[in-house]
Amino acid sequence: MNQSELPELRIGPFTVKLPIIQGGMGVGISMSGLASAVANEGGIGVIAAVGLGMLEPDFNKNFREANIRALRREIRKARALSGGVVGVNIMVALSDFEELLTATAEEEVDLILLGAGLPLKVPQILSPDRVREGASRLVPIVSSDRAAAIILKSWEKAGCFPDAFVVEGPLAGGHLGFKREQISDPDHALEQIVPEVIRAVRPYEQKAGRCIPVVAAGGIYTGEDIFRFLGLGASGVQMASRFVPTVECDADPAFKMAYVNAAKEDLMIIDSPVGLPGRAIRNRFLEEVGAGVKKPFKCPWKCLRTCDFVNAPYCIGLALTNAKLGRLDDGFVFGGANAYRSERITSVHEVIQSILAEYHAAAERDVRLHRREPELSVAGGCGETSGF
Ligand SMILES: Cc1cc2nc3c(=O)[nH]c(=O)nc-3n(C[C@H](O)[C@H](O)[C@H](O)COP(=O)(O)O)c2cc1C
């Protein structure tokens, strides 16, 4: 492989020409529109399962049914729009996680990404055979080697292994798998935790008899960033914020413009009602909540098991749905630490072209700097070091 070309990413039977997973973004930010556009460009497009039913007319009466119905519809739409690789992101902390997981597996979506919690019961919910041989490949999202090791040990006992891991660092958008004080601690930086997770995963590749790729996420914005993380041994990257200000992104234009108009210092850490910190773009809603204002709501479905909805100053599901629909006075926008870098709304194709050029330039610089042979592969990912 020529070093200035992006390497392919292989997860189970799926090979994509770009080692880029588009991060799942709820509520309703990455649906079939964005996911199919990224898949058509040769990356992996991801639909976020959380709260899709909030956009259905009968949501208040039948939230579980509405969520499943809307998710199945989005998966089928994405399939109709793209023959590429499409995944679904399901948050483990959701109160209807099991139903969403089962429905997604029934739809035989290519990848299921399991975020916001430890997916320890997945082999029991789907059956170990289905995890081993089912059409959907399973990819837990972790923020530490400890979490990866707990999942690996627990799935091994059930006789199966994950197909890949995403490691999400503290610069990501949305809910973060860190304590507030860890967010700026260099020991928890993505550059630190990616090699740690790779070390935790490698011994299990021998046991699984196959490669278990590790994908880096959180604050990765340019092709140069991708070059850096592949150099650290990642097999690919997951990127979310860079895909928000695109015509294909499923949010209202006002949501996308919040990215375009944001300054670096507008990205702030909030304490989400679900008991986790999150990264979002400062606005009046968040300032009022920060000043102690309560935004009254009725909780229709207790979407996240960890939500303290009795004491919560606002409903996060409602606030994020309002933002998706462009009602930013009644909600707010999640974004990664680099979300402020976009200058205009563009297309997924343009984003990919720009990433390819940035990657190429970084690789060329590296060749010049280290006087390497250009044919040498930069990637120390799966296959390079594990023997598979
Ligand atoms: C608007 C938004 C919504 C998100 N929603 C989810 C989600 O529903 N589930 C999840 O696991 N991660 C979610 N994330 C995290 C992303 O999937 C991704 O891993 C992370 O944002 C990567 O960092 P980046 O945005 O700097 O590229 C969200 C991120 C954003 C910006």
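Quick note on the numbering used here: the sequence shown kicks off at 150 and runs consecutively. Every residue gets a Cβ at the ideal spot worked out from N, C-alpha and C, and that includes glycine. Everything numeric in this text was worked out from a predicted model, so none of it was measured.
Shorter than 6 Å, the distance from the beta carbon of residue i to the closest heavy atom of ligand 1, or not?
{"i": "Met-240", "result": "yes"}
{"i": "Gly-367", "result": "yes"}
{"i": "Ala-389", "result": "yes"}
{"i": "Leu-291", "result": "The question names Leu, yet the displayed sequence has Val at residue 291. No; taking the cut-off as 6 Å, the Cβ of Val-291 has no heavy atom of ligand 1 nearer than that."}
{"i": "Phe-483", "result": "yes"}
{"i": "Gly-140", "result": "With the chain covering 150 to 537 only, the question about residue 140 has no answer from this structure."}
{"i": "Met-417", "result": "no"}
{"i": "Glu-340", "result": "no"}
{"i": "Glu-317", "result": "yes"}
{"i": "Met-406", "result": "no"}
{"i": "Gly-385", "result": "no"}
{"i": "Met-174", "result": "yes"}
{"i": "Ala-506", "result": "no"}
{"i": "Gly-323", "result": "yes"}
{"i": "Ala-403", "result": "no"}
{"i": "Ala-143", "result": "Within the shown structure, residues of the chain are numbered from 150 to 537, placing residue 143 beyond reach of any answer."}
{"i": "Ala-219", "result": "no"}
{"i": "Cys-199", "result": "Per the sequence presented here, residue 199 reads as Val, with Cys not at that position. Yes, ligand 1 has a heavy atom inside 6 Å of this Cβ."}
{"i": "Ile-430", "result": "no"}
{"i": "Ile-178", "result": "yes"}
{"i": "Gly-266", "result": "no"}
Count the other CB atoms, across all protein chains shown, that sit within 10 Å of the CB of residue i; report buried if there are 16 or more and exposed otherwise.
{"i": "Arg-228", "result": "buried"}
{"i": "Ser-333", "result": "exposed"}
{"i": "Gln-387", "result": "buried"}
{"i": "Gly-323", "result": "buried"}
{"i": "Asp-420", "result": "exposed"}
{"i": "Asn-238", "result": "buried"}
{"i": "Asn-487", "result": "buried"}
{"i": "Val-271", "result": "buried"}
{"i": "Gln-355", "result": "exposed"}
{"i": "Lys-443", "result": "exposed"}
{"i": "Glu-565", "result": "Because the chain is modelled from 150 through 537, residue 565 falls outside the range shown and cannot be assessed."}
{"i": "Leu-422", "result": "Note that residue 422 is Pro in the sequence shown, not Leu. That one is buried."}
{"i": "Asp-542", "result": "The structure shown does not extend to residue 542, since the chain spans only 150 to 537, so no value can be given for it."}
{"i": "Arg-286", "result": "buried"}
{"i": "His-519", "result": "exposed"}
{"i": "Ile-169", "result": "buried"}
{"i": "Glu-524", "result": "Residue confidence for Glu-524 is low, a pLDDT of 47 falling below 50, so the modelled location carries little weight; the figure read from the coordinates is stated next. The residue is exposed, with fewer than 16 neighbouring Cβ atoms inside 10 Å."}
{"i": "Arg-428", "result": "buried"}
{"i": "Val-459", "result": "exposed"}
{"i": "Thr-164", "result": "exposed"}
I need the DSSP call for residue i, collapsed to helix, strand or coil.
{"i": "Asp-207", "result": "coil"}
{"i": "Asn-216", "result": "helix"}
{"i": "Val-258", "result": "coil"}
{"i": "Leu-314", "result": "The residue you asked about is not Leu; residue 314 is Phe in the sequence shown. It is a strand residue."}
{"i": "Leu-525", "result": "Only weak support exists for where Leu-525 lies, its pLDDT of 45 falling under 50; the coordinates are left without a value."}
{"i": "Asn-238", "result": "strand"}
{"i": "Thr-253", "result": "helix"}
{"i": "Asp-399", "result": "coil"}
{"i": "Pro-344", "result": "helix"}
{"i": "Gly-427", "result": "strand"}
{"i": "Thr-495", "result": "strand"}
{"i": "Thr-470", "result": "helix"}
{"i": "Gly-380", "result": "helix"}
{"i": "Val-459", "result": "coil"}
{"i": "Arg-454", "result": "coil"}
{"i": "Phe-481", "result": "coil"}
{"i": "Met-388", "result": "strand"}
{"i": "Pro-272", "result": "helix"}
{"i": "Arg-490", "result": "helix"}
{"i": "Phe-434", "result": "helix"}
{"i": "Leu-287", "result": "strand"}
{"i": "Ser-327", "result": "Ser is not the amino acid found at residue 327; the sequence shown has Phe there. In this structure, Phe-327 counts as coil in the three-state DSSP scheme."}
{"i": "Gly-475", "result": "coil"}
{"i": "Phe-446", "result": "coil"}
{"i": "Glu-282", "result": "helix"}
{"i": "Asp-420", "result": "strand"}
Is the segment 494-503 close to the segment 461-480, with three or more CB pairs under 8 Å? no
Below 8 Å, can you find three or more Cβ-Cβ pairs linking the segment 185-196 to the segment 344-351? Here the segment 185-196 makes no contact with the segment 344-351; the two share fewer than three CB pairs at distances below 8 Å.
Mind the definition here: the segment 294-309 touches the segment 178-185 only if three or more C-beta pairs lie below 8 Å; say whether that holds. With the cut-off at 8 Å, the segment 294-309 and the segment 178-185 do not touch.
At least three beta-carbon pairs within less than 8 Å, the segment 263-273 to the segment 216-233: no
Could you tell me whether the segment 446-465 touches the segment 378-393, where touching means 3 or more Cβ pairs closer than 8 Å? no
So, do the segment 433-451 and the segment 356-366 have three or more beta carbon pairs nearer to each other than 8 Å? no
I want to know whether the segment 508-517 touches the segment 198-207 - three or more CB-CB distances under 8 Å. no
Within the chosen definition, does the segment 399-415 reach the segment 364-383 through at least 3 CB pairs nearer than 8 Å? no
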